[in-house]
Amino acid sequence: MTTSLLTTEVAKQINEHLPGAVVETTDAAILVNGNSLLDVADFFKNTAGLDFDYLTTITAVDYYQYFEVIYLFVSMEHNHSLVVKARCSRENPSLPSLVSLWRSADHQEREIYDLMGITFEGHPNMKRIVLWPEFQGHPLRKDYL
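Written out as structure tokens, the structure reads:
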């Protein structure tokens with residue numbers, strides 16, 4: 006089991022390196038600006054002491070007004086973890102892809118695209134992975150009929 010890092014401490018580090026990237030911090034997670042997501046992820050991977058070398062989970066939630074994508078980062082070296090969230094609008098559901106930093110993002114981003122309709126900009130193969138190409142809609146959205 007990993008140790009969860011204090012979100013307030015990590016948020017402070019992010020703000021020092023990337024001002025304006027943190028939107029909100031709770032005890033459980035850090036909400037970052039979607040436009041800053043790739044920079045924040047790169048900071049997590051390449052900052053000594055954080056060294057998040059494993060992106061274990063990506064999932065998405067439909068809150069009617071917006072989508073929220075949740076990421077669980079783990080450092081195998083330091084045995085710590087951190088939950089980060091980013092939001093995108095229903096009108097333009099898009100976030101940057103993290104595949105360039107962690108290959109583990111590949112199938113998870115494609116699954117979210119397929120079932121929720123969130124596009125991950127810069128993904129090398131953004132196409133359906135669960136449903137067939139002609140399938141209409143995204144069945145995990147709350148407004149799917």
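When you line the sequence shown up against this note's numbering, it's residues 6 to 150, in that order. Ideal Cβ placement from N, Cα and C applies to all residues, glycine included. These figures come from a predicted structure and were not determined experimentally.
Point to revise | Own chain partners of Val15 with C-beta closer than 8 Å, once the 5 adjacent residues on each side are dropped | key: On the sequence shown, position 10 is the one that residue 15 refers to. Excluding residues within five positions, the ones whose Cβ falls inside 8 Å are Ile35, Leu55, Leu87.
Point to revise | Per DSSP, cross-strand counterpart(s) of Leu36 | key: Indexing the sequence shown from 1 puts residue 36 at position 31. Per DSSP, the beta-bridge partners of Leu36 are Glu29, Lys90.
Point to revise | Inter-residue spacing [alpha-carbon to alpha-carbon] between Ile123 and Asn51 | key: Stepping through the sequence shown from its first residue, residue 123 is reached at position 118. Stepping through the sequence shown from its first residue, residue 51 is reached at position 46. Straight-line Cα distance between these residues: approximately 27 Å.
Exercise for review: Please report how far the alpha carbon of Arg95 lies from the alpha carbon of Trp107, in whole angstroms.
Suggested key: Within the sequence shown, residue 95 is the residue found at index 90, counting from 1. Within the sequence shown, residue 107 is the residue found at index 102, counting from 1. Rounded to the nearest angstrom, the two C-alpha atoms are 26 Å apart.
Point to revise | Helix, strand or coil at Leu42 according to DSSP, with G and I counted as helix | key: Position 37 of the sequence shown, counted from the start, is the residue given in the question as residue 42. Helix, per DSSP.
Practice item. Please classify Thr30: is it buried, with 16 or more other beta-carbons within 10 angstroms of its beta-carbon, or exposed? Key: As a first step, residue 30 must be located in the sequence shown, where it is residue number 25. Classification for Thr30: buried.
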